[in-house]
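Keeping their order, the protein sequence lines are chains C and G. One point on numbering: in UniProt numbering, the residue at position 207 of the first sequence is 207, and numbering is uninterrupted. One point on numbering: in UniProt numbering, the residue at position 217 of the second sequence is 217, and numbering is uninterrupted. Just so you know, even glycine gets a beta-carbon here, dropped at the ideal spot from N, CA and C. Note that the structure is predicted; figures quoted are calculated from it, not measured.
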Amino acid sequence: MTARRDTLLLHPAGRGVAFRVSKRSVVLTAALGLCAGAVAVLSLGLGEFDLRPADTLRVLGGGGTLIEYDVVVRDRLPRAVTGLGVGAAFGLSGAILQRIAANPLVSPDVIGVNAGASFGALLVITVFGGAGAALVLGGLAGALLTAAAIVVLALGHGHGGYRLVLVGIGIAAMLSSAISFLLVRAEYRQVLSAASWLTGSLANRGALHVTIIAVTLAAAVAVLLVFGRHLRVLELGDDVASTLTGGAGRVRPVLITTAVVLAAMATAAAGPIGFVALVAPQITRRLLPGGPARLAPAAATGALLVIAADLAARLLFAPTELPVGAVTGVLGAPVLLYLLARANRIGHTG
Amino acid sequence: MTADPNPTTTPSAIELSATGLTLGYHARSVVRDVSVTVPPGRITAIVGANGSGKSTLLRGLARLMTPRRGAVLLDGRDIAGMAAKTLAQRLGLLPQQPLAPDGITVSDLVGRGRHPHQRWFRHHSDADGAAIASAMEATGIAHLADEPVDELSGGQRQRVWLALALAQDPDVMLLDEPTTHLDLAHQIDLLELLADLNARLGRTTVLVLHDLNLAGRYAHHLVAVTDGRIAAEGAPAEVLQPDTVASVFGLTCEVIDDPLTGTPIVLPRPPADSRRST
């Protein structure tokens with residue numbers, strides 16, 4: 001693990017401008033991105049109207065018939081793009097939170113963001129009888145309100161790490177009992193439609209979902225370009241972080257908010273797809289040993305996880321389609337158990 | 001303590017002081033109305049019993065706590081109003097339990113000390129490279145550059161954190177019990193290193209120490225804290241007097257001169273009824 005030889009300095013505008021890039025990280029991100037793209041192409045060709053990957057690529061390039069264009073680009077592309085985007089957002093969110101808290105067990109699922117989104121969406125389903133865009137708005141509102149509550153409660157006294165985890169777990173517990181309450185009170189039909197949403201699903205995604213996740217990712221990348229470098233000192237513990245930033249209270253809320261909003265928007269677009277945010281950074285760390293998960297490969301890992309899980313969800317019990325969250329849950333839960341078993345003392349970074 | 005004819009950097013000796021400083025957690029004041037001036041360019045040790053407020057005082061000096069009353073002045077300026085980046089470039093801190101991410105290498109960790117000198121569009125400069133190299137050289141860890149920090153011994157790890165603080169190149173270096181968890185040989189090793197660095201670079205250094213004899217040997221100036229106040233202050237020989245030690249630590253003792261260095265040594269007096277020695 002030769003950190004110095006792995007580092008590449010980019011000088012896009014003379015010596016005064018320098019961006020540090022890890023060569024291995026670039027290679028890994030590209031490889032994971034290629035894999036995710038390949039799975040997406042495979043997935044785009046599958047369905048009642050089957051296409052070979054080569055044909056799918058031809059259609060994507062603009063060379064298909066009108067029907068092919070309609071099926072691939074209009075019907076199926078939003079699902080794939082939403083899947084890739086949501087996966088990247090969860091991966092980023094998990095990596096940021098795990099690094100700030102220096103704890104591999106932290107993720108938006110654990111600290112209640114997903115529960116908040118679920119509660120909001122469930123309110124829309126059961127109380128207002130809404131669906132479609134209303135559901136997205138409900139999930140979004142729920143997630144953002146939860147996120148705001150977590151940020152305010154966790155940062156009120158200027159501490160990061162553990163406080164964030166503890167406050168989040170408390171909020172998650174409260175919200176899941178509220179979710180149970182709504183489900184018990186709901187009608188049978190509503191419960192069925194809620195169950196699919198609560199697991200996290202990429203079925204019937206459209207321009208709305210693509211827009212939500214694309215705008216969120218673009219904004220997050222911009223924020224991370226400026227503030228992401230602070231993660232390198234925030235993960236050294238509160239005291240060193242405060243000393244090297246002149247007061248970590250300044251930069252930590254920006255990054256926590258970014259992470260939480262990423263998860264909130266992703267959940268609004270695809271439901272609370274479990275475990276991706278938790279697992280993606282851990283997979284990244286093992287693929288790229290020698291330090292905490294880097295953000296770009298974590299995002300690529302998340303994208304690959306979600307798009308692959310969605311493909312599996314569609315194929316495993318075809319023609320019946322599983323919600324993607326069912327697959328990530330089955331794959332992710334053992335990883336969580338493994339991490340819990342490894343974290344033999346509080347604060348062990350896995 | 002050998003003088004280096006060609007010091008790598010020469011930070012001018014900067015004065016750090018507190019005036020009427022009161023610090024506390026919740027309802028409790030832990031440090032009360034403390035006024036102290038740290039001699040520029042020297043090593044100052046803060047000593048005191050457990051819970052006396054010595055670490056809190058150090059945290060206040062590092063702006064890790066907001067004063068209830070009073071102020072901390074760096075070179076005459078109140079640090080409360082200093083820009084974050086400025087303060088981060090001028091004050092370094094080695095906390096009691098810093099956190100090294102799993103698998104991180106020595107050079108990566110030390111390099112993070114350069115954070116305050118970097119910008120979002122400038123992750124590295126030639127000055128960063130030079131500062132990192134000279135910090136690793138000065139702490140004798142250059143050969144460990146590519147090793148993972150988790151695989152080092154406690155003594156080596158403490159040198160790595162010290163190198164991080166050196167790479168930061170602050171005017172004043174604050175160290176919170178840098179020798180805890182180290183065996184005696186490594187304690188001496190680290191303190192010799194600090195004394196040597198101080199002699200060469202003349203950087204104002206403040207450290208919290210538990211061991212009075214080590215504090216007496218390595219510090220130029222002692223600040224004895226009891227119950228959140230300063231009980232005594234001055235050269236080790238002035239502060240380490242039997243009556244001061246009795247009032248600060250509740251320990252009856254004799255003080256003799258170290259036959260090797262001439263610095264004071266505190267010998268706790270066995271209780272009068274002790275028969276173990278016979």
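Cβ neighbours of residue i in the same chain (closer than 8 Å, five flanking residues each side left out)
{"i": "Thr-105/G", "result": "Ala-145, Asp-146, Glu-147, Pro-148, Val-149"}
{"i": "Arg-52/C", "result": "Gly-45"}
{"i": "Gly-130/C", "result": "Val-124, Gly-138"}
{"i": "Leu-152/G", "result": "Val-106, Leu-144, Val-160"}
{"i": "Ala-80/G", "result": "Arg-63, Thr-66, Pro-67, Ala-71, Val-72"}
{"i": "Ala-211/C", "result": "Going by the sequence as given, residue 211/C is Thr instead of Ala. Taken in chain order, the list of residues that qualify is empty."}
Cross-strand partners of residue i (DSSP beta bridge)
{"i": "His-221/G", "result": "Thr-44/G"}
{"i": "residue 279/G", "result": "In the structure as shown, chain G starts at 1 and stops at 278, and residue 279/G therefore has no counterpart that could be examined."}
{"i": "Thr-37/G", "result": "Ser-17/G"}
{"i": "residue 290/G", "result": "No answer is possible for residue 290/G: the residues shown for chain G start at 1 and end at 278."}
{"i": "Ile-230/G", "result": "Val-225/G"}
{"i": "Ser-22/C", "result": "Thr-7/C"}
{"i": "Tyr-25/G", "result": "Arg-28/G"}
{"i": "Cys-253/G", "result": "Pro-268/G"}
{"i": "Thr-105/G", "result": "Pro-148/G"}
{"i": "Leu-94/G", "result": "Leu-175/G"}
{"i": "Asp-78/G", "result": "Leu-73/G"}
{"i": "Arg-232/C", "result": "DSSP lists no partner for Arg-232/C."}
{"i": "Arg-122/G", "result": "Ala-18/C, Arg-119/G"}
CB contact flag (residue i, residue j, <8 Å)
{"i": "Ala-133/G", "j": "Val-72/G", "result": "no"}
{"i": "Leu-164/C", "j": "Ala-101/C", "result": "yes"}
{"i": "Leu-222/G", "j": "Ala-45/G", "result": "yes"}
{"i": "Arg-159/G", "j": "Thr-180/G", "result": "no"}
{"i": "Leu-255/C", "j": "Leu-217/C", "result": "no"}
{"i": "Leu-94/G", "j": "Ala-165/G", "result": "yes"}
{"i": "Val-36/G", "j": "Gly-60/G", "result": "no"}
{"i": "Val-72/C", "j": "Leu-60/C", "result": "yes"}
{"i": "Ala-266/C", "j": "Val-127/C", "result": "no"}
{"i": "Leu-74/G", "j": "Leu-16/G", "result": "yes"}
{"i": "Asp-33/G", "j": "Gly-20/G", "result": "yes"}
{"i": "Arg-42/G", "j": "Thr-204/G", "result": "yes"}
{"i": "Ala-133/C", "j": "Leu-192/C", "result": "no"}
{"i": "Lys-85/G", "j": "Gly-246/C", "result": "yes"}
Length of the line joining the Cα atoms of residue i and residue j
{"i": "Arg-285/C", "j": "Leu-87/G", "result": "33 Å"}
{"i": "Leu-322/C", "j": "Ala-203/C", "result": "10 Å"}
{"i": "Ala-141/C", "j": "Arg-205/C", "result": "19 Å"}
{"i": "Leu-95/C", "j": "Glu-177/G", "result": "Per the sequence shown, residue 95/C should be read as Ala rather than Leu. Using only the alpha carbons, I get a separation of about 32 Å."}
{"i": "Pro-104/C", "j": "Gln-282/C", "result": "7 Å"}
{"i": "Arg-69/G", "j": "Ala-298/C", "result": "45 Å"}
{"i": "Val-239/G", "j": "Val-266/G", "result": "11 Å"}
{"i": "Ala-38/C", "j": "Ile-273/C", "result": "21 Å"}
{"i": "Leu-331/C", "j": "Gln-98/C", "result": "20 Å"}
{"i": "His-115/G", "j": "Ser-247/G", "result": "43 Å"}
{"i": "Glu-192/G", "j": "Asp-257/G", "result": "19 Å"}
{"i": "Val-245/G", "j": "Ala-224/G", "result": "9 Å"}
{"i": "Leu-8/C", "j": "Ala-13/G", "result": "36 Å"}
{"i": "Leu-304/C", "j": "Met-82/G", "result": "45 Å"}
{"i": "residue 352/C", "j": "Phe-90/C", "result": "There is no way to answer for residue 352/C, as the model of chain C reaches only from 1 to 350."}
{"i": "Gly-347/C", "j": "Asp-238/C", "result": "Low confidence applies here, because Gly-347/C scores a pLDDT of 45, under 50, leaving its location unreliable; read the following figure in that light. Computed Cα separation, rounded: 13 Å."}
{"i": "Leu-10/C", "j": "Arg-122/G", "result": "10 Å"}
{"i": "Phe-275/C", "j": "Leu-175/C", "result": "18 Å"}
{"i": "Asp-196/G", "j": "Arg-90/G", "result": "21 Å"}
{"i": "Asp-189/G", "j": "Thr-263/G", "result": "18 Å"}
{"i": "Val-113/C", "j": "Ser-125/G", "result": "39 Å"}
{"i": "Gln-156/G", "j": "Leu-236/C", "result": "17 Å"}
{"i": "Tyr-338/C", "j": "Val-279/C", "result": "11 Å"}
{"i": "Ala-36/C", "j": "His-117/G", "result": "38 Å"}
{"i": "Thr-243/C", "j": "Gly-92/G", "result": "6 Å"}
{"i": "Trp-120/G", "j": "Phe-181/C", "result": "47 Å"}
{"i": "Val-233/C", "j": "Leu-315/C", "result": "44 Å"}
Cut-off 7 Å between Cβ atoms - residues of its own chain near residue i, not counting five sequence neighbours on either side
{"i": "Ala-163/G", "result": "Val-110, Ala-135, Met-136, Thr-139, Ile-141"}
{"i": "Tyr-25/G", "result": "none"}
{"i": "Gln-97/G", "result": "none"}
{"i": "Val-167/C", "result": "Ile-150, Leu-153, Ala-154"}
{"i": "Ile-307/C", "result": "Ala-36, Val-39, Ala-40, Ser-43, Ala-80, Gly-83, Leu-84, Gly-87"}
Contacting residues, own chain, Cβ-Cβ under 6 Å from residue i (five flanking each side not counted)
{"i": "Ser-52/G", "result": "Val-225, Thr-226"}
{"i": "Val-136/C", "result": "Ala-268"}
{"i": "Thr-10/G", "result": "Note that Thr-10/G scores 49 on pLDDT, short of 50, meaning its location in the model is unreliable and no value can be drawn from it."}
Any non-hydrogen atom of the ligand ADP closer than 7 Å to residue i Cβ
{"i": "Ala-80/C", "result": "With respect to the ligand ADP, the structure offers nothing, as it holds no ligand at all."}
>> Please give the ranges of any beta strand (DSSP E) in the stretch 9-85 of chain C, keeping only runs that are unbroken, at least 3 residues long and fully inside the region.
In response: 19-22
>> Give the list of continuous alpha helix (DSSP H) stretches no shorter than 4 residues that lie fully inside the stretch 290-344 of chain C.
In response: 295-315, 324-342
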